[in-house]
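J.: Start counting the sequence shown at 152; every next residue gets the next number (the numbering used here). A virtual CB, placed ideally from N, CA and C, is assigned to each residue, including glycine. First the structure, then my questions, so here it is.
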Amino acid sequence: MRCPSWIVPARGRTARLSHSFKPGGQRRISVGNMTDTTTLESVLRKTGAIVAGVRPDQGQLRTPCEDYSVDQLVHHIVSWVKVFANAGAGDPQPKDPEGQTIDNASAEFERAAAKAVAGYAKLDDDAPVTLSSGSMPAAASVAMMTGEYLAHGWDLARATGQPVEYTDAEAEAARIGLTPLLSPEYRGPGMPFGHIVEVPDDASGLDRFLGFAGRSPR
152 MRCPSWIVPA RGRTARLSHS FKPGGQRRIS VGNMTDTTTL ESVLRKTGAI VAGVRPDQGQ
212 LRTPCEDYSV DQLVHHIVSW VKVFANAGAG DPQPKDPEGQ TIDNASAEFE RAAAKAVAGY
272 AKLDDDAPVT LSSGSMPAAA SVAMMTGEYL AHGWDLARAT GQPVEYTDAE AEAARIGLTP
332 LLSPEYRGPG MPFGHIVEVP DDASGLDRFL GFAGRSPR
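Next up, the structure:
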């Protein structure tokens, strides 16, 4: 499964966002009160614990994301939490998010996560924020961030043999938040998300989220 961020432009391309929240678009998203950052804060705390739990000898292990080793996924996770944090605070963004130097992944993730939660908590749902291309409502950015960091936290935990502490309620909130944002254009070969993986009707909230995100829960 390919797992590059859906807000990272491919080489030589302009970053694309879901039609439901493209800058200047006519459609209005509905993701509920997603700038209530309670769920986001919990997801980031648990993802941060997974980042902190990666051992030095695990860096070259493969992850459920075929493009990323553990080290590469950690770099991606930390680089983009800084981008989201800058967006919530209204700070300038780096020209090349993936080109940032990461010296202490755990500490840098923790600082940026706290900055992100504090920034988004002050914003209205429809306040414009800027990630990599154009602007989007703060609610969409929070929904995107919640889903992104739950999915990648699971990827990293799976690769490094760490426990997954996300609750079914958090996973359901992430799935509901991503649903209006994740267009079909982002699924399939070469895309950030795989096709939906079917799960049983009685699947847990976490398994439903993972299937929605194109991951096999087992």
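What distance in whole Å lies between the Cβ atoms of Ala310 and Thr214, which are believed to be in contact at a cut-off of 8 Å?
T.: One-based indexing of the sequence shown puts residue 214 at position 63. One-based indexing of the sequence shown puts residue 310 at position 159. Right, their Cβ atoms sit about 4 Å apart.
J.: DSSP puts Phe235 in a beta bridge; with which residues?
T.: Here the question's residue 235 lines up with position 84 in the sequence shown. In DSSP, Phe235 forms no bridge with anything.
J.: Suppose you measure from the CA of Gln211 to the CA of His226; what does that come to, to the nearest Å?
T.: If you number the sequence shown from 1, residue 211 lands on position 60. If you number the sequence shown from 1, residue 226 lands on position 75. Each residue's alpha carbon lies about 13 Å from the other.
J.: Is it buried or exposed for Arg366, if we count other Cβ within 10 angstroms and need 16 for buried?
T.: As a first step, residue 366 is located in the sequence shown; it is residue number 215 there, counting from the start. So Arg366 ends up on the buried side.
J.: Would you decide whether Thr297 is buried or exposed? Buried here means 16 or more other CB atoms lie within 10 Å of its CB.
T.: Stepping through the sequence shown from its first residue, residue 297 is reached at position 146. It is buried - the Cβ of Thr297 has at least 16 other Cβ atoms within 10 Å.
J.: How would you write the range of the beta strand (DSSP E) that Thr281 sits in, first residue to last?
T.: By 1-based counting over the sequence shown, the position of residue 281 is 130. Per DSSP, Thr281 belongs to the beta strand (DSSP E) from Pro279 to Thr281.
J.: Rounded to a whole number of angstroms, what is the C-alpha to C-alpha distance between Ser284 and Gly241?
T.: Here residue 284 is taken as the residue at index 133 of the sequence shown, counted from 1. Here residue 241 is taken as the residue at index 90 of the sequence shown, counted from 1. Straight-line Cα distance between these residues: approximately 14 Å.
J.: Which residue or residues does DSSP assign as beta-bridge partners of Phe344?
T.: Stepping through the sequence shown from its first residue, residue 344 is reached at position 193. DSSP output for Phe344 lists Arg338 as bridge partner(s).
J.: Go ahead and pull the three-state DSSP assignment for Pro248.
T.: Your numbering for residue 248 matches position 97 in the sequence shown. Here Pro248 sits in helix by DSSP.
J.: State the Cα-Cα distance for the pair Leu191 and Pro343, rounded to the nearest angstrom.
T.: Numbered from its first residue, the sequence shown carries residue 191 at position 40. Numbered from its first residue, the sequence shown carries residue 343 at position 192. Going from the Cα of Leu191 to the Cα of Pro343 covers about 21 Å.
J.: Output the residue ranges of the beta strand (DSSP E) runs that lie fully inside the region 285-360 and measure 3 residues or longer, sorted by chain position.
T.: 286-288
J.: Look at the alpha carbon of Glu321 and the alpha carbon of Asp247, and state the distance between them as a whole number of angstroms.
T.: One-based indexing of the sequence shown puts residue 321 at position 170. One-based indexing of the sequence shown puts residue 247 at position 96. For Glu321 and Asp247, the distance between alpha carbons rounds to 30 Å.
J.: Helix, strand or coil for Arg213 per DSSP?
T.: Residue mapping note: residue 213 aligns to position 62 of the sequence shown, counting from 1. If DSSP states are grouped into helix, strand and coil, Arg213 belongs with the strands.
J.: Hey, Gln251 and Lys233: beta-carbon distance below 8 Å or not?
T.: One-based indexing of the sequence shown puts residue 251 at position 100. One-based indexing of the sequence shown puts residue 233 at position 82. Contact flag set, yes.
J.: Does the beta-carbon distance from Glu299 to Phe360 come in below 8 Å?
T.: On the sequence shown, residue 299 is found 148 positions in, with the first residue counted as 1. On the sequence shown, residue 360 is found 209 positions in, with the first residue counted as 1. No. Outside cutoff.
J.: Exposed or buried, Ala203, counting other C-beta atoms within 10 Å across all chains shown (16 or more means buried)?
T.: As a first step, residue 203 must be located in the sequence shown, where it is residue number 52. Per the 10 Å Cβ criterion, exposed.
J.: Alpha carbons only, please: which of Ile253, Gly362 and Ser286 is nearest the one belonging to Gly345?
T.: Taking the sequence shown and counting its residues from 1, one reaches residue 345 at position 194. Selected option, being the one with the closest Cα: Gly362.
J.: In whole angstroms, give me the CA-to-CA distance for Val221 and Thr330.
T.: Translated into the one-based positions of the sequence shown, residue 221 becomes position 70. Translated into the one-based positions of the sequence shown, residue 330 becomes position 179. Looking at the two C-alpha atoms, the distance is approximately 27 Å.
J.: For Ser197, report the span of its alpha helix (DSSP H) as first-last.
T.: Along the sequence shown, read from residue 1 onward, the residue named residue 197 stands at position 46. With the sequence shown as reference, residue 197 is identified as Lys, and Ser is not the correct amino acid for it. Run containing Lys197: Thr189 to Ala203, per the alpha helix (DSSP H) assignment.
J.: Using a 10 Å radius around the Cβ and a threshold of 16 neighbouring Cβ atoms, would you call Asp352 buried or exposed?
T.: Stepping through the sequence shown from its first residue, residue 352 is reached at position 201. Its Cβ having fewer than 16 others within 10 Å, Asp352 is exposed.
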